[in-house]
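For our numbering, count along the sequence shown from 1 and bump the result up by 178.
First comes the structure, then the notes that go with it.
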Amino acid sequence: MTQQVLVIAPHPDDESIGCGGTIRLHLERGDGVRVVFLTSGELGIPDTSVERARAIREAEATEALGILGVAKMDFLRLPDMGVLRHLDEGVERFARILDAEKPGIIYLPHHAESHPDHGAALPLIRSALEHIDDDRAAVKLRGYEVWTPLLNHDWAEIITPHMATKLRAVRCYQSQLCQFRYDRAVRGLNQYRGCLAARTRYAEVFLHLSPTQSQKLEARA
């Protein structure tokens with residue numbers, strides 16, 4: 179049975195780094211995938227105006243999602259480095275998307291990610307789920323890793339057949355790669371996960387997160 183999948187990216191590139199291979203797996207299975215960018219990462223390009231940086235990063239995101247095969251995306255344009263301060267605004271916007279899509283699975287950065295916008299994704303999603311009529315406990319939340327590797331994970335997805343496509347998507351973000359080679363970093367991380375978590379060449383790992391409340395699984399991440 180196919181299902182709707184939402185991928186929450188606090189900034190453009192988080193989706194490709196954290197779960198680009200798994201996005202390809204869902205599309206291969208016939209699932210619908212929609213990516214929601216909480217911010218446009220407009221503070222991520224030094225010496226560039228907010229408007230120009232936003233345009234660059236949104237264009238990079240559109241190109242990356244085209245490579246992954248995702249046609250549906252939203253830019254909520256919450257302030258970069260300020261998602262937590264604008265939580266109510268984000269909840270209102272995201273709740274409308276939830277109501278329209280009715281996803282079975284939501285991917286997001288895991289709760290212990292060191293970037294404050296990454297950490298704000300879980301409370302935003304939980305609050306938005308309270309605004310819809312469906313049973314929010316039935317929605318599966320899956321935490322992915324970007325800046326902060328998980329100490330423990332619940333399962334691994336084998337992405338070896340899609341690793342080249344994932345790296346092509348990550349490399350669309352040239353405004354970021356010129357500052358740090360995220361493509362090299364994530365290739366190493368996914369190779370490590372593949373070797374130790376899945377006995378394969380490349381894998382992405384995830385942590386189950388509760389849609390309603392804190393839990394022991396989160397405490398040990």
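Glycine included, each C-beta is placed from N, C-alpha and C at the ideal position.
Here the structure is a predicted model, which is why all the values come from computation and not from measurement.
Residue i versus residue j: straight-line alpha-carbon distance, rounded
i: LEU216; j: ALA242; result: 16 Å
i: PRO301; j: ARG207; result: 29 Å
i: PRO257; j: ASP266; result: 13 Å
i: GLY366; j: ARG346; result: 15 Å
i: LYS250; j: VAL213; result: 7 Å
i: LEU276; j: ASP313; result: 12 Å
i: PRO281; j: GLN354; result: 30 Å
i: CYS373; j: ARG362; result: 17 Å
i: GLU335; j: LEU329; result: 17 Å
i: MET179; j: ARG274; result: 25 Å
i: CYS356; j: GLY210; result: 32 Å
i: ASP252; j: PRO224; result: 24 Å
i: HIS296; j: CYS197; result: 14 Å
Residue j beta carbon less than 8 Å from that of residue i
i: PHE272; j: LEU254; result: yes
i: GLU308; j: VAL383; result: no
i: GLN352; j: GLU238; result: yes
i: VAL218; j: VAL348; result: Note that residue 218 is Ser in the sequence shown, not Val. No. Outside cutoff.
i: GLY321; j: HIS289; result: yes
i: HIS264; j: GLY222; result: no
i: THR343; j: ARG235; result: no
i: ILE284; j: GLN181; result: no
i: GLY244; j: LEU205; result: no
i: THR240; j: SER292; result: no
i: ILE186; j: ALA298; result: no
Cut-off 6 Å between Cβ atoms - residues of its own chain near residue i, not counting five sequence neighbours on either side
i: THR338; result: THR378, ARG379 and TYR380
i: GLU220; result: VAL228, ALA231, ARG232 and ASP258
i: CYS350; result: GLU238, GLU241 and ALA242
i: ASP191; result: TYR351 and GLN354
i: ALA376; result: ALA334 and ILE336
Reduced DSSP secondary structure (H/G/I, E/B, other) of residue i
i: GLU206; result: helix
i: GLU323; result: coil
i: MET251; result: strand
i: GLU412; result: Lying before the first or after the last residue shown, residue 412 is absent from the chain, which here runs from 179 to 399.
i: LEU276; result: helix
i: LEU256; result: strand
i: VAL269; result: helix
i: ILE337; result: coil
i: LEU286; result: strand
i: LEU328; result: coil
Sequence-distant residues of its chain with Cβ nearer than 8 Å to residue i (five each side left out)
i: TRP333; result: VAL383 and PHE384
i: GLN369; result: ARG379 and TYR380
i: MET341; result: GLY199, ARG365, ASN368, ARG379 and TYR380
i: HIS386; result: LYS318, LEU319, ARG320, GLY321, ASP332 and LEU395
i: ARG359; result: none
i: VAL269; result: LEU302, SER305, ALA306 and HIS309
i: PRO294; result: MET259, VAL261 and LEU262
i: THR226; result: ILE234
Report the start-end ranges of each alpha helix (DSSP H) in the segment 215–247 that is 4 residues or longer and not cut off at the edges.
List check, alpha helix (DSSP H) in window: 228–246.
Extract the residue ranges of the beta strand (DSSP E) inside the segment 347–391, only unbroken runs of 3 or more that lie entirely within it.
381–387
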